[in-house]
Amino acid sequence: MGSALTTIGLPVALGIIMFGLGLSLTPGDFARVVKQPKAVILALLCQLILLPAICFGLVLWFQLPPILAVGMMMLAASPGGTTANLYSHLFRGDVALNISLTAVNSVIAVVTLPLITNLAIMYFKPFDDQLGMQWSKVIEVFAIVLLPVVLGMIVRHFATDFAKRADRAVRIISMIVLVVVIAGAVASNWQLLVDNVGALAAITVLFCIISLAVGYVVPRLARVGKRQSIAASFEIGIHNATLAIVIAQTVMGSMELSLPAAVYGVLMFFIAFAFGFIIRDRSTAPETHADTEGAETSRTS
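Residue 387 is where the sequence shown ends in the numbering used here, and the numbering goes up by one at each step.
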């Protein structure tokens with residue numbers, strides 16, 4: 087039962103989620119990147135370079151076993167999740183920027199996720215008979231990440247009204263399927279999760295807090311508007327744990343490899359919610375030029 091859930095159910099659940107993301111995307115979401123280059127470039131640099139480096143340092147500091155170390159690096163390499171859009175909306179971030187970053191990150195992750203995972207496998211050597219994520223598995227990552235998104239965008243382009251009506255239903259169905267699948271997978275591997283949660287709770291909580299803080303502080307230091315910085319914080323801080331779990335269990339065939347993402351995926355919701363109250367805009371003062379620019383971009387997109 088557990089095997090069927092992880093090998094069939096998880097990819098199906100992720101496929102529905104990524105298809106739902108595609109239903110919400112248009113080519114304009116990619117074009118918007120050109121209009122907000124500073125915020126996008128800073129967020130991508132934090133996501134693709136700074137966070138993996140920080141995660142690597144945390145893994146060495148906590149002295150994780152090799153398999154869990156690679157799992158943490160895979161999590162760090164995962165793009166932002168669609169949940170970031172919801173948090174950004176709740177705490178007055180630039181949701182349009184979130185959507186653009188999710189779109190761009192999902193494309194870039196096809197290259198960066200296998201690359202960082204391979205480097206981690208080469209360094210930590212968790213598998214005796216495997217050097218890394220081979221080309222065929224990179225193709226699997228491409229299929230898992232991009233094909234459902236592209237299909238969703240095609241449906242939106244040719245059947246816009248249907249896509250708008252189906253968007254909410256697809257989100258609800260994907261969440262239901264995901265909860266059922268993960269619950270079944272956790273139940274079938276309960277002891278393995280219990281044995282490792284103590285080693286993973288502290289590092290995943292710390293990594294989540296650092297990710298959220300980096301995503302907010304770095305843009306603010308670079309004089310990016312507050313709404314855009316809030317959006318960047320959630321985009322960088324809320325990783326697509328589901329994607330990391332699916333790749334670990336179905337592409338790499340390792341339940342242990344998925345444990346960091348599984349623990350993180352539960353704890354991040356509470357941490358991000360608390361962090362949102364800290365960074366939300368409480369002032370009623372006029373917006374800065376950068377804030378106004380971000381707001382105008384959101385309204386015209």
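No residue lacks a Cβ here, since even glycine has one placed at the ideal position from N, Cα and C.
All values derive from a computational prediction rather than experimental measurement.
**Request:** Check Leu217 in the structure and name its three-state DSSP category.
**Result:** Bear in mind that the predicted position of Leu217 carries a pLDDT of just 47, short of 50, making it unreliable; the figure below should be weighed with that in mind. In the three-state reduction of the DSSP assignment, Leu217 falls in the coil class.
**Message:** Classify Ile127: buried if its beta carbon has 16 or more other beta carbons within 10 angstroms, exposed otherwise.
**Reply:** Exposed, by the Cβ-count rule.
**Message:** For the structure I just gave you, are there three or more beta carbon pairs, one from the segment 160 to 167 and one from the segment 321 to 332, closer than 8 Å?
**Reply:** The answer is yes - the segment 321 to 332 touches the segment 160 to 167, with three or more Cβ pairs under 8 Å.
**Prompt:** In terms of DSSP beta bridges, what is Gly166 paired with?
**Reply:** DSSP output for Gly166 lists His325 as bridge partner(s).
**Asked** Asp180 by DSSP, collapsed to three states: which one?
**Response** Residue state, collapsed to three classes: coil.
**Buried versus exposed, by CB contacts within 10 Å (16 or more), Phe105** = By the neighbour-count definition (other C-beta atoms within 10 Å, threshold 16), Phe105 is a buried residue.
**Asked** If we count the other Cβ atoms within 10 Å of its Cβ and call it buried at 16 or more, is Val120 buried or exposed?
**Response** Counting Cβ neighbours within 10 Å, Val120 comes out exposed, since fewer than 16 surround it.
**Request:** Consult DSSP for Gly311 and reduce its assignment to one of helix, strand or coil.
**Result:** Residue state, collapsed to three classes: coil.
**Asked** Beta carbon of Met160, beta carbon of Cys141: below 7 Å?
**Response** Taking 7 Å as the cut-off, the beta carbon of Met160 is found no closer than this to the beta carbon of Cys141.
**Item:** Under the three-state DSSP convention, the category Ser174 falls into
**Value:** Per DSSP, reduced to three states, the secondary structure at Ser174 is helical.
**Message:** Tell me whether the segment 342 to 349 and the segment 147 to 158 touch, counting them as touching only if at least three CB pairs, one residue from each stretch, are closer than 8 Å.
**Reply:** As far as the Cβ criterion goes, the segment 342 to 349 touches the segment 147 to 158, which means the pair count is three or higher.
**Asked** Can you tell me whether Gly143 is buried or exposed, with buried defined as 16 or more other CB within 10 angstroms of its CB?
**Response** For Gly143, the number of other beta carbons within 10 angstroms of its own is below 16, and it is reported as exposed.
**Item:** C-alpha distance - Leu137 paired with Asp253, whole-angstrom precision
**Value:** C-alpha separation (whole angstroms): 31 Å.
**Item:** Cβ distance (whole Å) where Gly114 is taken to contact Arg313 below 8 Å
**Value:** Actually they do not touch by this definition, with Cβ atoms about 19 Å apart.
**Prompt:** Does the Cβ-Cβ distance between Gly362 and Pro234 come in under 7 Å?
**Reply:** No; because the gap between Cβ atoms is not below 7 Å, this pair is not in contact.
**Item:** Ala318, DSSP secondary structure in three states
**Value:** Here Ala318 sits in helix by DSSP.
**Item:** Cutoff 8 Å; reference Phe248; Cβ partners in own chain excluding five residues on either side
**Value:** Val241, listed in sequence order.
**Prompt:** Comparing alpha-carbon positions, which option in Ile258, Thr290, Ala255, Trp276 lies nearest Ala162?
**Reply:** Of Ile258, Thr290, Ala255, Trp276, the residue nearest in Cα terms is Thr290.
**Item:** Same chain, Cβ closer than 7 Å to Leu392, neighbours up to 5 away in sequence not counted
**Value:** Examination of residue 392 is not possible in this model, given that the chain is present from 87 through 387 alone.
**Request:** Could you tell me which of Thr112, His243, Cys132, Leu109 sits nearest to Ala308, measuring between CA atoms?
**Result:** Scanning Thr112, His243, Cys132, Leu109 for the CA closest to the CA of Ala308 turns up Cys132.
**Item:** Cβ separation of Asn318 and Ala125, assumed to be a contact under 8 Å, to the nearest whole Å
**Value:** Reading off the sequence shown, one finds Ala at residue 318, where the question assumed Asn. Confirmed, about 6 Å.
**Asked** Of the residues Ala206, Thr336, Leu187, Phe356, which one's Cα is nearest the Cα of Leu146?
**Response** The residue with the shortest Cα to Cα distance from Leu146 is Ala206.
**Item:** Neighbour-count burial assignment, Ala358, 16 or more Cβ in a 10 Å radius
**Value:** Under this definition Ala358 is a buried residue.
**Request:** Mark Thr328 as exposed unless 16 or more other C-beta atoms lie within 10 angstroms of its C-beta, in which case mark it buried.
**Result:** In summary, Thr328 is buried, with 16 or more beta-carbon neighbours lying within 10 Å of its beta-carbon over all protein chains present.
**Item:** Check whether Phe177 and Ile316 have beta carbons under 7 Å apart
**Value:** Between Phe177 and Ile316, the C-beta gap is smaller than 7 Å, which places the two residues in contact.
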